[in-house]
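In our numbering, the protein residues as written are 25 to 487.
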């Protein structure tokens with residue numbers, strides 16, 4: 025066998041020296057590191073190709089974030105997006121969450137010893153969707169990936185859809201709830217995550233979720249909804265339309281129903297006057313999402329035009345400025361349902377979400393838009409209910425919908441409306457320097473300051 029030896033070189037004295045002896049220790053270390061780097065790069069590339077290389081490309085419609093001028097309007101109302109974001113993560117994730125997921129709300133400690141800081145320990149899928157959106161927008165890839173993995177493991181129901189709630193304090197009757205609203209919010213966020221950091225496995229998860237939410241025509245699948253039940257009153261009867269008053273004196277009441285005294289229902293009456301239908305909430309017809317899914321071949325062609333017509337047709341013909349709550353398919357075609365939880369009213373918050381969907385696609389009508397603008401600028405708050413018969417507003421404040429109103433104002437390029445909505449939010453921003461929640465949006469409830477994930481993440485997303 026031929027013996028292998030090191031090659032030698034001759035020095036000036038004639039002495040033979042091994043080839044490796046020509047290099048210093050530093051040069052040898054650098055050479056080894058370069059070899060390790062080259063091998064690691066090849067391995068990393070192969071892993072990338074295996075994991076990402078075959079992932080389908082999805083193109084989402086870009087939506088620009090508000091620029092400096094808009095940010096300044098928000099800042100004038102104490103809404104500092106970056107400060108709010110940092111404080112929200114520290115207070116609600118580090119102190120009140122499970123490290124990855126954000127709870128529905130967090131209460132800071134009260135003045136009394138018996139009022140310690142408290143987390144809801146309930147995790148809502150829509151809140152996690154907003155949190156994932158904020159991570160992706162901020163470029164926080166590791167946090168986004170950790171959150172996505174936690175959601176898939178904790179919320180997934182096994183049939184493509186996701187449960188709406190998880191956590192140790194979720195009531196037993198809510199543990200199996202899977203709402204379309206929450207799943208659509210998660211789908212939108214998951215798509216944006218996928219475009220930034222997604223893998224083949226994510227794409228398969230997304231396809232299963234789309235199949236669970238949309239039928240073969242690209243329409244949102246119906247779900248069981250609780251809506252207001254018609255009630256007898258002096259002005260309302262259960263007669264068939266052909267037997268109704270020919271003078272049309274009871275048209276509004278006949279369409280929507282009021283209580284037996286001819287006035288609006290109380291909350292107690294509303295709770296007992298509900299019925300269940302199989303339908304689709306108009307706010308769940310998310311036009312920009314449907315447009316992008318169709319464009320990428322993930323749902324049937326023509327889905328967007330059909331969805332747009334459904335939404336546009338959901339305006340009441342008696343001069344009501346807002347959109348229907350839901351629709352159901354019947355033997356006679358589409359039936360729009362205008363009253364959600366209370367008979368004789370339109371849910372303004374739900375309608376604002378519908379209007380935001382239309383504004384994103386530049387399809388919002390001027391009548392509804394002007395009504396909303398006048399409401400916010402004149403009343404300096406967003407009421408939850410519009411009474412159909414009287415045309416008045418009432419009910420609780422629609423806190424969760426302020427972020428949609430901000431997005432609507434931006435899409436309509438209306439700085440006055442944007443400023444008005446910022447003012448509605450800004451009066452609830454913590455500004456005391458000693459507060460652990462400074463720059464966060466709060467609600468005052470029973471003498472305690474409560475910080476909801478939806479309020480703070482919604483403001484962060486919209487500003």
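In this text, a Cβ means the ideal position worked out from N, Cα and C, and glycines have one as well.
These figures come from a predicted structure and were not determined experimentally.
Grab the span of the alpha helix (DSSP H) containing residue 152 for me, first residue to last. Working through the chain shown from its first residue, we reach residue 152 at position 128. 149-162 is the extent of the alpha helix (DSSP H) around residue 152.
On the three-state DSSP scale, how would you describe residue 170? Here residue 170 refers to the residue found at position 146 when the chain shown is read from its first residue. Helix, per DSSP.
Among 174, 243 and 412, which residue has its Cα nearest to the Cα of residue 326? Position 302 of the chain shown, counted from the start, is the residue given in the question as residue 326. Of the candidates 174, 243 and 412, the one whose C-alpha sits nearest the C-alpha of residue 326 is 243.
Within 10 angstroms of the Cβ of residue 133, are there 16 or more other Cβ atoms? Answer buried if so, exposed if not. To locate residue 133, count along the chain shown from 1; it is residue 109. The Cβ neighbour count for residue 133, taken over all protein chains shown within 10 Å, is under 16; the residue is labelled exposed.
According to DSSP, residue 180 sits in a beta bridge with which residue or residues? Within the chain shown, numbered from 1, the residue matching residue 180 stands at position 156. Residue 180 has 186 as its beta-bridge partners, per DSSP.
Nearest to residue 434 by alpha carbon, out of 82, 57 and 88? Within the chain shown, numbered from 1, the residue matching residue 434 stands at position 410. Per the Cα distances, 88.
Sort out for me which residues DSSP pairs residue 251 with in a bridge. Translated into positions along the chain shown, residue 251 becomes position 227. BP columns for residue 251 point to 299.
Burial state of residue 86 (16 or more Cβ within 10 Å): The residue given as residue 86 occupies position 62 in the chain shown. In the assembly as shown, residue 86 is an exposed residue. Its beta-carbon has fewer than 16 other beta-carbons within 10 Å.
Residue 60 burial status per 10 Å Cβ neighbour count (16 or more: buried): Sequence index remark: in the chain shown, residue 60 carries index 36 (1-based). Exposure of residue 60 is indicated by the presence of fewer than 16 other C-beta atoms within 10 angstroms of its C-beta.
Whether residue 310 touches residue 212 by CB criterion (8 Å): Locating residue 310 in the chain shown gives position 286, counting from the first residue. Locating residue 212 in the chain shown gives position 188, counting from the first residue. Yes. Within cutoff.
Can you find the residues in the same chain that come closer than 6 Å, C-beta to C-beta, to residue 473, ignoring five residues on each side of it along the sequence? Mapped onto the chain shown, residue 473 falls at position 449. Closer than 6 Å at the Cβ level, and outside the excluded window around residue 473, lie 132 and 466.
Can you list, in chain order, the stretches of the beta strand (DSSP E) that have 3 or more residues and sit fully within the segment 92-137? You should have 129-131.
Taking the C-alpha atoms as reference points, what is the distance between residue 97 and residue 196? Here the question's residue 97 lines up with position 73 in the chain shown. Here the question's residue 196 lines up with position 172 in the chain shown. For residue 97 and residue 196, the gap between their C-alpha atoms comes out near 44 Å.
Alpha carbon to alpha carbon, how far is residue 360 from residue 449? Give it in angstroms, no decimals. As a working mapping, residue 449 is identified with position 425 in the chain shown. As a working mapping, residue 360 is identified with position 336 in the chain shown. Computed Cα separation, rounded: 32 Å.
Do three or more CB pairs link the segment 301-308 to the segment 234-249 at distances below 8 Å? As far as the Cβ criterion goes, the segment 301-308 touches the segment 234-249, which means the pair count is three or higher.
Separation of residue 101 from residue 398, as counted between CA atoms: In the chain shown, residue 398 corresponds to position 374, counting from 1. In the chain shown, residue 101 corresponds to position 77, counting from 1. C-alpha of residue 398 to C-alpha of residue 101: approximately 19 Å in a straight line.
Specify, as a first and last residue, the run of the beta strand (DSSP E) that residue 358 falls within. Translated into positions along the chain shown, residue 358 becomes position 334. For residue 358, the enclosing beta strand (DSSP E) begins and ends at 357-361.
Is it the case that the Cβ atoms of residue 412 and residue 445 are separated by a distance below 8 Å? Indexing the chain shown from 1 puts residue 412 at position 388. Indexing the chain shown from 1 puts residue 445 at position 421. No, these two residues do not count as a Cβ contact at 8 Å.
Following the continuous alpha helix (DSSP H) through residue 444, name the residue where it begins and the one where it ends. Working through the chain shown from its first residue, we reach residue 444 at position 420. Unbroken alpha helix (DSSP H) run through residue 444: 439-450.
Would you call residue 219 buried or exposed, if buried means 16 or more other Cβ atoms sit within 10 Å of its Cβ? Residue 219 sits at position 195 when you count from the first residue of the chain shown. Counting the other Cβ atoms within 10 Å of the Cβ of residue 219 gives fewer than 16, which makes it exposed.
Have a look at residue 424 and residue 377 and give me their C-alpha separation to the nearest angstrom. Stepping through the chain shown from its first residue, residue 424 is reached at position 400. Stepping through the chain shown from its first residue, residue 377 is reached at position 353. Looking at the two C-alpha atoms, the distance is approximately 10 Å.
I believe residue 202 touches residue 188 by the beta-carbon criterion, under 8 Å. Please report the beta-carbon distance rounded to the nearest angstrom. Residue numbering aside, residue 202 sits at position 178 when the chain shown is read from its first letter. Residue numbering aside, residue 188 sits at position 164 when the chain shown is read from its first letter. Yes, residue 202 and residue 188 are in contact; Cβ-Cβ is about 6 Å, under 8 Å.
6 Å Cβ shell around residue 374 - same chain, five flanking residues per side excluded: If you number the chain shown from 1, residue 374 lands on position 350. Same-chain partners within the cutoff: 307 and 349.
Please return the same chain residues whose Cβ sits closer than 6 Å to the Cβ of residue 409, not counting the five positions on each side in sequence. Here the question's residue 409 lines up with position 385 in the chain shown. 369, 418 and 419.
Residue 129 vs residue 346 beta-carbon contact at 8 Å: Your numbering for residue 129 matches position 105 in the chain shown. Your numbering for residue 346 matches position 322 in the chain shown. Contact flag unset, no.
Which term fits residue 152, buried or exposed, when burial requires 16 or more other beta carbons within 10 angstroms of its beta carbon? Your numbering for residue 152 matches position 128 in the chain shown. Flag for residue 152 reads buried.
Supposed contact pair residue 193 and residue 146 - C-beta distance, whole angstroms, cut 8 Å: Position 122 of the chain shown, counted from the start, is the residue given in the question as residue 146. Position 169 of the chain shown, counted from the start, is the residue given in the question as residue 193. Between residue 146 and residue 193 the beta-carbon gap is near 5 Å, inside 8 Å, which marks them as a contact.
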